[in-house]
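One structure is given here, and the rest of the page talks about it.
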Amino acid sequence: MTDAGRRVPQDGAHRGECPASVFARRSFLQGTVAAGVAGAVGLLDDGAIVDTVGDRNARTGVIPFHGYYQAGIATPPQPIGTFASFDVTAAGRDELTDLFRTLTARARFLTGGGTPPKPSPDSASPDNGILGASVVPDDLTVTVGLGAGLFDDRYGLGARKPAQLITMTPFLHDDLNPALSQGDLLIQLCAGHRDTLVHAMLDILAHTGGAMKLRWHIDGQRNPPRPVGTPRDWFGFKDGISNPDTTNAIKMNQEVWVQPGTTEPAWSAGGTYQVLRLVHFDIEKWQRVPVAQQERIFGRRKASGAPMYAVSDDAPDSLDPIYTNDPQGLITPLDSHVRLANPQTPETAATSSILRRSYDYNRTVNERDGLDLGHLFCCFQRELDTYIAMQTRLEGEALVPYISPRGGGYFFALPGVRDPQDYYARGLLA
Ligand code: HEM
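Residue numbers (this note's numbering): -16 to 413.
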């Protein structure tokens, strides 16, 4: 995170004192355009587009589908998620366009909810019935991304590929399973309940069967806050604390959304690079590590989630880490997760902020094959290179013996579907 998104240390922090009281609270409304413009589109002085994500309707549980950006990125994470990667099998550009039109129509209906058409007496029902007679929106978001494979010579899209989109190659400690990696098209579904996602997934499969084939999929959840604040992952640490402020449109333009008038193709403005990593946890090994050491591995306190300088179990997790008084890593080790992810140095300032929106998975089948619990790491950033630089730094982290990255991929999450006439990837295919 850049300084603009951090709470600022007040007098005293640089003298080596790090009590909670020396930090001011994070400012959520920085710059001239912020939370108050939810759902509105405008232009900044430099021509950058400002559009925060449409507000959820608390009465209906509808998260708006239409917008300059897709929902499911800056949207506060819903408790349940499914990530499904597909190989596209459409026969040519026309069929590909039909696929995106169909996907759009299904996503528009599923996220808005309503009553599906009644079947004629001699035909199968158009809806699978999992949600009853009427489809409830349940905070569903459908977020579509493209893999580098879609830009090969099948559809003549090579010249329009997002500039940094590549196929994910293994990092130093990766053990990537091809059956859980890559894909031409990614659909991220998030909602309040699992049945909503199964309903949506079956609906999408039923309508798009001939044009794309499921390659891999993984279900995840976000745990409830224990006891308050940010949810914990399976390692027991609060995960997702330091993240860009998604209500700050200026920061989102700087760090997450691809901007018009850059080296990126014009159609891609309003999209963002999405990274997925399926990271298996060696839970049994982790549970044998003393808590004090676990904290040094992550660089945060386990009970409170606060940075290492805060010793009270009641310290707020919203405090920011600070390393200016700790160049040798005596408080927060130099090889700890947070310190390598964001070392807070001038050299790493440009590659230290991504929007994390991860889920936790449990794919344990039986005890013989061992526990398969892990992290469905998901992040969004304006430049894929930011993620790659950060992940490369993490190759040296103290967490390495306890995790094993087994799959995932790089995708380009499309710009939003702007209105009822628009459809996914229209700008790309036009
Ligand atoms: C094995 C999976 C991972 C786990 C269990 C994990 C867990 C955590 C935890 C507990 C924190 C501290 C609390 C917080 O700020 O959220 C954290 C911070 C962070 N993680 Fe991860 N993480 C994982 C993978 C990654 C990956 C792959 C990246 C990026 C390449 C990453 C980037 C970050 C960043 C940027 C921060 C905030 C650093 C800061 O500004 O202080 N994490 N992570």
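Glycine is no exception: its CB is placed at the ideal position from the N, C-alpha and C atoms.
Please confirm whether PHE264 and TRP217 have their CB atoms less than 8 Å apart.
Taking the sequence shown and counting its residues from 1, the one referred to as residue 264 is at position 281. Taking the sequence shown and counting its residues from 1, the one referred to as residue 217 is at position 234. Yes, the pair counts as a contact, with Cβ atoms nearer than the cut-off.
Candidates THR94, GLY391, ALA107, PHE134, of which the one nearest SER117 by Cα
In the sequence shown, counting from the first residue as 1, residue 117 sits at position 134. Nearest neighbour of SER117 by Cα position, chosen from THR94, GLY391, ALA107, PHE134, turns out to be THR94.
For PRO210, which residues of its own chain have a beta-carbon under 6 Å away from its beta-carbon, when the five flanking residues on both sides are left out?
The sequence position of residue 210 within the sequence shown is 227, counting from 1. Setting aside the 5 residues that flank it on each side, PRO210 has no residue in the same chain whose C-beta is closer than 6 Å to its C-beta.
When you compare only the Cα positions, how much space is there between ILE201 and LEU169?
Taking the sequence shown and counting its residues from 1, one reaches residue 201 at position 218. Taking the sequence shown and counting its residues from 1, one reaches residue 169 at position 186. Taking the straight line joining both Cα atoms gives about 11 Å.
By the three-class DSSP mapping on this structure, what secondary structure does ARG351 have?
For the purposes of this step, residue 351 is taken as residue 368 along the sequence shown, with counting starting at 1. If DSSP states are grouped into helix, strand and coil, ARG351 belongs with coil.
For the pair the segment 297 to 314 and the segment 372 to 391, tell me if three or more CB-CB distances fall below 8 Å.
Contact between the segment 297 to 314 and the segment 372 to 391 is absent, because fewer than three Cβ pairs lie under 8 Å.
Can you give me the C-alpha to C-alpha distance between TYR393 and GLY132, rounded to a whole angstrom?
Indexing the sequence shown from 1 puts residue 393 at position 410. Indexing the sequence shown from 1 puts residue 132 at position 149. In a straight line, the C-alpha of TYR393 is about 10 Å away from that of GLY132.
On the three-state DSSP scale, how would you describe GLN270?
As a working note, residue 270 is residue 287 in the sequence shown. Three-state result, GLN270: helix.
Roughly how far, in whole angstroms, is the beta-carbon of TYR342 from the beta-carbon of GLY130, given that I think they are within contact range, below 8 Å?
Here residue 342 refers to the residue found at position 359 when the sequence shown is read from its first residue. Here residue 130 refers to the residue found at position 147 when the sequence shown is read from its first residue. About 19 Å; that fails the 8 Å criterion.
Please name the residue in ASP368, PRO59, SER319, ALA41 whose C-alpha comes closest to that of ASN226.
Walking along the sequence shown from the start, residue 226 turns up at place 243. Of the candidates ASP368, PRO59, SER319, ALA41, the residue whose Cα lies closest to the Cα of ASN226 is PRO59.
For the segment 374 to 389 against the segment 48 to 68, are there 3 or more C-beta pairs whose distance is under 8 Å?
Here the segment 374 to 389 makes no contact with the segment 48 to 68; the two share fewer than three CB pairs at distances below 8 Å.
Check for me: the beta strand (DSSP E) holding GLY391 runs from which residue to which?
Indexing the sequence shown from 1 puts residue 391 at position 408. Segment 386 to 396, the beta strand (DSSP E) holding GLY391.
If you count every other CB in all the chains shown that lies within 10 Å of the CB of GLY254, and 16 or more means buried, which is it?
If you number the sequence shown from 1, residue 254 lands on position 271. GLY254 comes out buried.
At a cut-off of 7 Å, would you count HIS418 as near the ligand HEM, judging by its Cβ distance to the nearest heavy atom?
Past the edges of the chain, shown from -16 to 413, lies residue 418, and the structure says nothing about it.
Can you find the residues in the same chain that come closer than 8 Å, C-beta to C-beta, to ILE149, ignoring five residues on each side of it along the sequence?
For the purposes of this step, residue 149 is identified with residue 166 of the sequence shown, where counting begins at 1. Around ILE149, the same chain offers ALA131, LEU367, TYR393 as residues with beta carbons nearer than 8 Å, after the five sequence neighbours per side are excluded.
Starting from HIS190 and walking both ways along the alpha helix (DSSP H), at which residues does that stretch end?
By 1-based counting over the sequence shown, the position of residue 190 is 207. First-last of the alpha helix (DSSP H) with HIS190: 177 to 191.
Does the distance between the C-beta of LEU377 and the nearest non-hydrogen atom of the ligand HEM fall short of 7 Å?
As a working note, residue 377 is residue 394 in the sequence shown. Because some heavy atom of the ligand HEM lies under 7 Å away, the Cβ of LEU377 counts as near it: yes.
Hey, could you find the ends of the alpha helix (DSSP H) ARG91 is sitting in?
For the purposes of this step, residue 91 is taken as residue 108 along the sequence shown, with counting starting at 1. For ARG91, the enclosing alpha helix (DSSP H) begins and ends at 76 to 95.
Please determine, among TYR138, SER68, ASN40, the residue with the shortest C-alpha to C-alpha distance to GLU78.
Walking along the sequence shown from the start, residue 78 turns up at place 95. When each option's Cα is compared against that of GLU78, the closest is TYR138.
So what's TRP250 in DSSP terms, helix, strand or just coil?
One-based indexing of the sequence shown puts residue 250 at position 267. Helix at TRP250.
Beta-carbon separation of GLY219 and ASP300 under 8 Å?
Translated into positions along the sequence shown, residue 219 becomes position 236. Translated into positions along the sequence shown, residue 300 becomes position 317. Contact: no.
Alpha carbon of ARG409 to alpha carbon of THR80, nearest angstrom
Within the sequence shown, residue 409 is the residue found at index 426, counting from 1. Within the sequence shown, residue 80 is the residue found at index 97, counting from 1. The alpha-carbon atoms of ARG409 and THR80 are separated by roughly 8 Å.
Is ALA67 helix, strand or coil when you go by DSSP?
Translated into the one-based positions of the sequence shown, residue 67 becomes position 84. Annotated three-state conformation of ALA67 is strand, per DSSP.
Tell me the residue span of the beta strand (DSSP E) that contains LYS196.
Numbered from its first residue, the sequence shown carries residue 196 at position 213. Looking at the DSSP string, the run of the beta strand (DSSP E) that includes LYS196 is 195 to 204.
Rounded straight-line distance, which links the Cα of ILE224 to that of ILE305:
Taking the first residue of the sequence shown as position 1, residue 305 is located at position 322. Taking the first residue of the sequence shown as position 1, residue 224 is located at position 241. In this structure, the alpha-carbon of ILE305 lies about 14 Å from that of ILE224.
State yes or no: is the C-beta of ARG339 nearer than 7 Å to some heavy atom of the ligand HEM?
In the sequence shown, the residue the question calls residue 339 occupies position 356. It does: the Cβ of ARG339 is within 7 Å (strictly closer) of some heavy atom of the ligand HEM.
Measuring from the CB of LYS221, is there a heavy atom of the ligand HEM at a distance below 7 Å?
The residue you call residue 221 lines up with position 238 of the sequence shown. The answer is yes for LYS221.
Contact check, LEU155 vs TRP199, beta carbons under 8 Å:
The residue given as residue 155 occupies position 172 in the sequence shown. The residue given as residue 199 occupies position 216 in the sequence shown. Not a contact, by the Cβ cut-off of 8 Å.
Indicate the three-state DSSP secondary structure (helix, strand or coil) for VAL241 in the structure shown.
Counting from one through the sequence shown, the residue named residue 241 turns up at place 258. In this structure, VAL241 counts as coil in the three-state DSSP scheme.
If I follow the unbroken alpha helix (DSSP H) through LEU412, where does it start and stop?
As a position in the sequence shown, residue 412 is number 429, starting the count at 1. Counting along the chain, LEU412 sits inside the alpha helix (DSSP H) bounded by residues 409 to 412.
Can you give, in chain order, each stretch of the alpha helix (DSSP H) that sits fully within the segment 291 to 366 and has at least 4 residues?
Those alpha helix (DSSP H) runs which fall completely within the segment 291 to 366 and span 4+ residues are 320 to 324.
Beta strand (DSSP E) segment containing ALA174, residue limits:
The residue you call residue 174 lines up with position 191 of the sequence shown. Counted as a single uninterrupted DSSP element, the beta strand (DSSP E) harbouring ALA174 occupies residues 168 to 174.
Could you name the residues that DSSP lists as bridge partners for GLN257?
For the purposes of this step, residue 257 is taken as the residue at position 274 of the sequence shown. In DSSP, GLN257 forms a bridge with PHE363, PHE394.
Is any heavy atom of the ligand HEM found at a distance shorter than 7 Å from the C-beta of TYR370?
Here the question's residue 370 lines up with position 387 in the sequence shown. True, at least one ligand heavy atom lies under 7 Å from that Cβ.
Cα separation between GLN237 and ARG365?
Looking up residue 237 in the sequence shown gives position 254. Looking up residue 365 in the sequence shown gives position 382. Counting only the Cα atoms, ARG365 lies some 7 Å from GLN237.
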